[in-house]
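Comments concern the structure below.
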Amino acid sequence: MSDLVSISQEAKALGGGLNGFRESVQRYILRTLAAAGFFEEMAFVGGTALRIGHQLNRFSEDLDFAVSRPMSVDRTIELGDLAFEALMRLKIGISSRRDFRTIPMGGPTDKLDYVCHLDVRLPPVFRTGGAARFTLRLDLDRNPAEGWGKTPMLIRSKIRPFALTMHDLPSLFAGKLHVLCCRVDRAKGRDFFDLAWYLSREVSPNLDFLDATIKALEPKPWPASEWRARLIERLDEVDFDRLLRELEPFLIEPADRMLCSRELLISALEQMG
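The sequence shown lines up with residues 33 to 305 when you count with the numbering used here.
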């Protein structure tokens, strides 16, 4: 059985359509990177890590990583090239674009990213609404703040299982809180949905990692221990109607839109004390 047939079968089991096929391709790329030893040098982070590693009940778009030790420029470029070569073997790769980005955040440290955009052909059976292709972004944080924790993770798959390294849940939560507390203008509906997931499981954020990130990137640092009060203030600034429109295409169960609610999130945060 070819890899593309296996991916297509897995995609159908995941619900079909763009979301199911994209996630199956994400898993294929992660397996490819794991087999090449990349997870000895980096960790899987972000919302897609929560989805694939912890069964978050929504789909995701991008693959986000953070180095766990310095990675050379050549090795970093190999990350994107290897992913694109894997798509070419499947005959669904269209093109790739890569960029090393330096992003001034306002604090003492600029954010250094490597971004690779992979354009992917969507097989006809998975096309909905006329879309024939999609773009999958790989984003590697090349200078994360100190203080994160990581954990090995067994990823179950209908094709074959594989292993990778992820930030642990407290560190993943800290990364999400930095976006929600400091970059609310960039936050998506998915970020607030993920916040409800963390709160429902009573995950405690890694405050050392959050504090280090704030001190490195923010022009006006504040104590990480104040994250709840700051987040409650931020929740009053966002347009939840817009967030819900952004979130709905990624929901597995439409009724879960109830979790992206200002009143619900504020109540849950206040109940934490």
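Every residue gets a Cβ at the ideal spot worked out from N, C-alpha and C, and that includes glycine.
With contact defined as three or more Cβ pairs closer than 8 Å, the region 119-139 and the region 185-198 are not in contact. By alpha-carbon distance to ASP171, the top candidate from PHE132, GLY162, ARG63 and PRO253 is PHE132. About 6 Å separates the CB atoms of ILE298 and LEU267; that is less than 8 Å, so the two are in contact.
With contacts defined by Cβ atoms closer than 8 Å, LEU279 and PHE205 do not form a contacting pair. The beta-bridge partner set that DSSP reports for MET185 consists of LEU196. In the DSSP assignment, ASP96 falls within the beta strand (DSSP E) that extends over 95-99. Residues PHE76, ILE84, LEU95, ILE187, PHE194 and LEU196 of the same chain have their beta carbon placed closer than 8 Å to that of LEU62, with the five preceding and five following residues left out of the count. Shown here, GLY78 sits in coil according to DSSP, grouped into three states, outside any helix or strand.
ALA68 is positioned such that its CB atom lies no closer than 8 Å to that of SER56.
Within the same chain, Cβ atoms closer than 8 Å to the Cβ of SER236 are found at PRO202 and PHE205, the five residues on either side in sequence being excluded. Taking C-beta separations shorter than 6 Å and ignoring five residues to either side along the sequence, the partners of ARG169 in its chain run ASP94 and HIS149, following chain order. Residues of the same chain with a CB within less than 7 Å of the CB of LEU242, apart from the 5 flanking positions on each side, are ALA206, LEU209, HIS210, ALA256 and TRP259 in chain order.
CA-to-CA, the gap between ARG174 and LEU263 works out to about 27 Å. In the three-state DSSP reduction, LYS143 falls in the strand class (E or B). Under the criterion of beta carbons closer than 8 Å, PHE116 and LEU50 do not qualify as touching, at roughly 20 Å. Counting along the chain, LEU275 sits inside the alpha helix (DSSP H) bounded by residues 272-279.
Judged by their CB atoms, LEU114 and LEU65 are nearer to each other than the 8 Å cut-off. At the C-beta level, PHE53 and LEU154 come within 8 Å of one another. THR245 has its alpha-carbon roughly 13 Å from the corresponding atom of LEU144.
For TRP180, same chain residues with a beta-carbon under 6 Å away, outside a window of 5 residues either side, are HIS199, SER203 and PHE241 in chain order. Taking 8 Å as the cut-off, the Cβ atoms of ARG222 and PHE272 do not count as close. Our two residues, ASN238 and CYS213, have alpha carbons roughly 15 Å apart in a direct line. Between GLY162 and GLU250, the C-beta gap is not smaller than 8 Å, which leaves the two residues out of contact.
If you ignore the 5 residues before and after LEU231, its C-beta comes within less than 8 Å of the C-beta of LEU297, ALA300, LEU301 and MET304, all in its own chain and listed in chain order.
The residues LEU154, in chain order, have a CB closer than 6 Å to that of ALA164 in the same chain once the five nearest residues on each side in sequence are set aside. Here HIS86 has LEU201 as same chain residues with Cβ atoms under 8 Å from its own Cβ, once five neighbours each way along the sequence are excluded. If you draw a straight line from the Cα of ALA261 to the Cα of MET290, it comes to about 22 Å. Collapsing the DSSP output to three states places VAL235 in coil.
At a Cβ-Cβ threshold of 8 Å, MET74 and SER38 do not count as neighbours.
The shortest C-alpha to C-alpha distance from ALA219 to any of ALA228, ASP151, VAL270 and GLU265 is the one to VAL270.
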